[in-house]
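Comments concern the structure below.
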Amino acid sequence: MLNYLWALMITISIIVAAFTGNMETVCNSILESAKDAIDLLILMLGVISMWNGFLSVAEGSGLTSKLAGKMQPLIHFLFPRLPKDHPAVSHICTNFIANLLGLGWACTPTGLAAMKSLQQFDLEQGKNSTCASNEMCTFLILNISSLQIIPINMIAYRSQYGSAKPMAIIGPSLVATTLTTLLAIIICKIICRKKEKTCKY
159 MLNYLWALMI
169 TISIIVAAFT
179 GNMETVCNSI
189 LESAKDAIDL
199 LILMLGVISM
209 WNGFLSVAEG
219 SGLTSKLAGK
229 MQPLIHFLFP
239 RLPKDHPAVS
249 HICTNFIANL
259 LGLGWACTPT
269 GLAAMKSLQQ
279 FDLEQGKNST
289 CASNEMCTFL
299 ILNISSLQII
309 PINMIAYRSQ
319 YGSAKPMAII
329 GPSLVATTLT
339 TLLAIIICKI
349 ICRKKEKTCK
359 Y
């Protein structure tokens with residue numbers, strides 16, 4: 159659907175530009191946008207590669223495992239049915255750490271791995287693998303709310319587009335994501351309890 163909407167907007171823009179004599183402006187804008195896209199892509203490639211490297215070093219050195227141990231009380235509170243030694247716990251912790259650093263793109267592989275492990279956990283418990291469990295829904299919502307201490311991606315965007323103080327986003331981002339994450343946890347707990355009372359998945 160979105161592809162059709164984008165195609166429609168582009169077509170309308172070109173037609174309007176042709177009738178108003180602004181085709182040259184449209185062509186220049188397309189070329190400038192293409193250049194900006196490549197510049198941003200190179201910048202973000204460097205940023206993501208660097209932080210992915212840090213995450214790989216953290217995993218290889220055992221730092222992620224140690225942090226996972228520190229996060230165990232939080233993980234148990236959020237996912238009470240999940241055993242502490244289950245593979246999903248490690249994936250969830252790595253994903254949360256990447257989210258804390260604002261590495262949205264780097265979260266995708268660990269997020270998919272966590273979802274796969276949670277699905278396997280449901281199969282082990284004899285649950286329906288085609289239905290999202292409480293753990294899956296909680297994990298997804300926490301990813302969407304995404305508590306961020308250092309929003310690396312946003313800082314890179316602001317730096318790329320000439321912000322005088324690209325780091326100024328850290329404070330407001332921390333406040334906003336803390337509030338959304340707390341709200342997400344509260345909503346998850348309320349809905350999960352209602353779900354447990356009304357049905358079994």
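My numbering applies: residue 159 is where the sequence shown begins, and numbers increase by one. All C-beta atoms, glycine included, are put in the ideal place defined by N, C-alpha and C.
1) With a 10 Å radius around its C-beta and 16 neighbouring C-beta atoms as the bar for buried, classify residue 306 as buried or exposed.
2) Under DSSP, the alpha helix (DSSP H) around residue 298 begins and ends at which residues?
3) Does the stretch 213-225 come within contact of the stretch 280-298, defined as at least 3 CB pairs closer than 8 Å?
4) In three-state terms, what does DSSP make of residue 306?
5) In angstroms, rounded to a whole number, what distance separates the CA positions of residue 323 and residue 338?
6) Rounded to whole angstroms, what's the CA-CA distance from residue 232 to residue 172? Just pull it up for me.
7) Among 255, 254, 256 and 229, which has the Cα closest to the Cα of residue 243?
8) Would a C-beta distance cut-off of 8 Å place residue 299 and residue 342 closer than the cut-off?
Taking the geometry as given:
1) By one-based count along the sequence shown, residue 306 stands at place 148. Buried, since its Cβ has 16 or more Cβ neighbours within 10 Å.
2) If you number the sequence shown from 1, residue 298 lands on position 140. Boundaries of the alpha helix (DSSP H) harbouring residue 298: 292-303, taken from the DSSP string.
3) Touching, no, given that fewer than three Cβ pairs across the two stretches are closer than 8 Å.
4) Taking the first residue of the sequence shown as position 1, residue 306 is located at position 148. It is coil, neither helix nor strand.
5) Here the question's residue 323 lines up with position 165 in the sequence shown. Here the question's residue 338 lines up with position 180 in the sequence shown. Distance between the alpha carbons of residue 323 and residue 338: 24 Å.
6) Within the sequence shown, numbered from 1, the residue matching residue 232 stands at position 74. Within the sequence shown, numbered from 1, the residue matching residue 172 stands at position 14. Each residue's Cα considered, the two are about 53 Å apart.
7) Looking up residue 243 in the sequence shown gives position 85. Comparing Cα-Cα distances from residue 243 to each of 255, 254, 256 and 229, the minimum goes to 229.
8) Here the question's residue 299 lines up with position 141 in the sequence shown. Here the question's residue 342 lines up with position 184 in the sequence shown. A contact, by the Cβ cut-off of 8 Å.
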